[in-house]
Every structure is written in C-alpha cells, then in structure tokens.
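Those protein sequences? They're chains L and G, same order as listed.
When you read off a place in the first sequence, starting at 1, and then add 76, the result is the number in the working numbering.
When you read off a place in the second sequence, starting at 1, and then add 76, the result is the number in the working numbering.
Protein chains: 2
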Amino acid sequence: MAVMDSAVAREQALDAAEELFYGRGVQAVGMDDIRGASGVSLKRLYQLFPAKEQLVEAYLERRDVRWRNRLAAFVARREDPRERILAVFDWLEEWFGEDGFRGCAWINSYGELGATSPRVAAQVRAHKDAFRAYLAGLVADAGLPGALAGQLFLLAEGAMVTAGITGQTGPAREAREAARLLVRAG
Amino acid sequence: MAVMDSAVAREQALDAAEELFYGRGVQAVGMDDIRGASGVSLKRLYQLFPAKEQLVEAYLERRDVRWRNRLAAFVARREDPRERILAVFDWLEEWFGEDGFRGCAWINSYGELGATSPRVAAQVRAHKDAFRAYLAGLVADAGLPGALAGQLFLLAEGAMVTAGITGQTGPAREAREAARLLVRAG
DNA sequence: ACCGTAGGAGAACGCTCGTTCTCACGTCAA
DNA sequence: TTGACGTGAGAACGAGCGTTCTCCTACGGT
C-alpha cells in the first residue's frame, strides 16, 4: 500500500476495528486481522495505537460519538416533545434491523472486558450515562416527571440486549409500546 | 488430594467454574485456574469435561436451573397474582445486592462468546426464553394481557444490564415502579 | 545522484493457554 | 507379592497472538 496520510490510516484502522471488534468480539480479533482488513501495516498500527487496548478504546469512543449523533439527528426530526421520546424507540427499531446488527457494542464489550479492563468498563459507564442523560433531557423537555427517564432507559437497554440475543427487531416495538403507556401515565 | 468420587469432583469443578467464569469472564480464566480453585486435577477435569467449552456449557446450565429455581421460590411466597409479578423485581433487587454480583451471567457470556460459540449463544437464548415464558405465566395467572409479559421482560433485562454495569441496585426499583404502572394500565 | 529516513512486508520473540503426556505412587485382584 | 490400573502433579507440546525487529524499497532534500 502506498504512503498514506496518518489521519487516513487512523480512520481506516478504526473502520476495520469497528467492523471486526463489533462483529466478532474484541478478543476474537487479532491485530493481524486489523492489518489485513484495513491495509494499515502493523508498524503503522502500533505508531497510531501503542497497544491493542488503546485501539479498542478509540473504537468505542468514535462509535459512541457517531451512535449518539445518529440517534439525536433522528429524534430531532420530530416536533412534539412526547413524539420525540417515542422516536427513540423508532430509531432503535431501525438500528436493530440493520445488516450486521449484533447488539449494543458497549454491553457486549462490558461482558467481554468489563471484569479485566477498568478503562473499557469506565467507557461503557460513560456511554450509558450519556444516553441516560439524553433521555432525561427529552423527558424534561416534555414536562414529564424525572423518574420516567430511568424507566425509559431500562426499556431501551432491555430492548438492545434482547434484540442482540434474538436478532429480531420486535423488542423495539414492545419497548415503544411500554414507553407510550408510561408517558401517558406520567 | 485424595481419591475423589466423580460426582463430587464434578460439583467442585463446577463450583470453581461458576465463581471464576462469572467473576472474571470465561476467557480470562484458564483450565489451570479451575484446577487450582477446585482441587480437581487437570486429568480429572478433562475426563469430566472433554473441552473447556463443555465446562462452560455445564456451568451455564447448572446456573440456569438454580437461578430460575431461586426466582420461582421467592415469587411463590406471594399470594396475589399481581404481587407475584412485582415480586420478580423485588428478587432482582436482592440479587443485585449480593456480594460479587456482576450482571447477568448469560448476557455477559453472550457478549463474550455469542459471536464465536453457537452453542453458548443457543444456551443464552434458551435461558432468556425460559425467563420470558415464566413471566408470561405470571401475567396469564393475573388475567393480564399477554403483551405485558414482553414489556416486563424488557424492564427486567434492562435492570440486569444496568445493575451489572453500574454495580447499583437502584435499577431494580426503577423497573419495579415501571412494572407497577404497566400492570395497573393493563 | 546520494544519503537519511520512513514505511511496508513479514519473520521473530515471548507469553498464555488449551490439551496431552510422563512418571511415580497407591490400590486392589489374583 | 505382583502386576495392571487409575490418579495426581506437573512438565511438555502446539497454537494463537500481542508486540517488536529485520530487511528492503522508495522517496525527499541537497
């Protein structure tokens, strides 16, 4: 492969890392697999990410930004504050239906590495906190009681985990219906 | 260690497997760790479980039986059918508060091995199906609409995952409150 | 044109770990 | 007593993989 700008190589490495780590699990993917899929040489990889764990962290961080941006962009298309809350679950359904969907990357990573890598565990907690805070914002904007946010969060987490395990999109609709009832009750 | 009955050795191996696999993750625990913690020699271990994957399967299967029995025994103490539904979440709170709680063993195992071990993935699905069916039974006994079972299931899964990641018991109470509202609405 | 440097390909190193093998010992049947 | 057998302790084997090193090529500045 020809000489390549560092920023480009970094993105290609992260593209490969995301596809492989998410699809097969972190531990099942070697640095050599990343090289093969990205075309970035091992030497370059280790210049950009001095150890595999740092590549994992960078993968989770980039995915976190993208994931939350995609969600927020989808939700922002709705006007009504209560509709926005339900739109979260509509977006989950879209996500669950994508090719290669294999559950929540953070939940999976936590199961794989949470017990052995404090840094990954902290990143998972940060991601989930950010998602919960986002939901709390939507709930506040709709003038609904704060306790609702935690309940919606649990529904969304349950849907992610269940969709990941079963490979079906149905959990998103079930969660949406439960959310609708809770919003109405709130 | 003295000569040991096979059944006893098997239980000791599974005791060690459960403690270590659950506490540290499957991949972070070697067969030698199992030997050290159980006192069962490697030769014996491989007689009882011809490969590590079979030890993992036996661990998940024994834990599945015990987990569901514990839950059912706790719930059965309540008389009122609707109270029984809420008791599921009371039991979750107890479970989350136990020493060494580190989330749902099946969700964690799925994150770790779901992509690489079809047998483990199938066991996770079977466990979750059984839990969902149990909830559906409680819902039917209470004369509530069947759709409620899926919603309660998602709340419970969300609570497990969130309690595992945060190490707190609060998600059980949040899920219980949401369940109470959904039961009342149903 | 020439040299210093960066980069790519891939071999090599060292460690971990699943699995098997060796060997010595104790037990029990004949 | 003897010898076949099962067992425990632990060495050994072989593969996988994170990480580093070697060697060679190509390019950029002077």
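C-beta atoms are modelled at their ideal positions from N, C-alpha and C, and glycine is treated no differently.
In chain order, which beta strand (DSSP E) runs of at least 3 residues are fully inside the region 149-179 of chain L? none
Which class does G/A104 belong to by DSSP, given the choice of helix, strand or coil? coil
Using beta-carbon positions only, say whether L/E94 and L/Y135 come within less than 8 Å of one another. yes
What does a CB cutoff of less than 7 Å around G/A225 pick up in its chain, not counting 5 residues either side in sequence? R208, L211, A212, V215
For L/V259 and L/A251, I'd like the C-alpha separation in whole angstroms. 12 Å
Within 8 Å (strictly less), CB to CB, does L/S185 reach chain G? Output row for L/S185: interface = yes.
From the beta carbon of L/L258, is the nearest beta carbon of chain G less than 8 Å away? yes
Show which residues of chain L have a CB atom less than 7 Å away from the CB atom of G/L211. Chain order gives no chain L residues near G/L211, where near means a beta carbon separation below 7 Å; the closest approach is about 12 Å.
So L/A85 packs on L/L124, CB below 8 Å; how close in whole Å? 7 Å
Three or more C-beta pairs closer than 8 Å, one from the region 175-190 of chain L and one from the region 180-192 of chain G: is that the case here? yes
On the three-pair Cβ rule with 8 Å, is the region 238-249 of chain L touching the region 228-241 of chain G? yes
To be precise: take each residue of the region 167-192 of chain L, compare its Cβ to all Cβ atoms of chain G, and keep it if any distance is under 9 Å. Which residues remain? R178, G179, C180, W182, I183, N184, S185, Y186, G187, E188, L189, G190, A191, T192
How would you write the range of the alpha helix (DSSP H) that L/Q199 sits in, first residue to last? 194-217
From G/E137, G/P247, G/L121, pick the residue whose C-alpha is nearest to that of G/R201; which is it? G/E137
Is the beta carbon of G/L220 sitting closer than 8 Å to the one on G/A255? no
Residues of the region 218-229 of chain G whose Cβ lies closer than 9 Å to any Cβ of chain L, in chain order: Per Cβ criterion, the list reads A223, L224, G226, Q227, L228, F229.
Which bits of chain G does L/Q103 rub up against, with CB to CB less than 8 Å? Q103, E188
Just tell me which of L/I183, L/A148, L/A206, L/D108 has its CA closest to the CA of L/Y98. L/I183
I need the DSSP call for L/G226, collapsed to helix, strand or coil. helix
My understanding is that L/A191 touches G/R111, with C-beta atoms under 8 Å, so please give their C-beta distance in whole angstroms. About 20 Å; that fails the 8 Å criterion.
Three-state class that DSSP yields for L/G115 in the structure shown: Here DSSP, grouped into helix, strand and coil, assigns L/G115 to coil.
DSSP three-state assignment for L/L96, whether helix, strand or coil: helix
Mind checking L/Q130: buried by the 16 CB within 10 Å criterion, or exposed? exposed
For L/A127, does the three-state DSSP call read helix, strand or coil? coil
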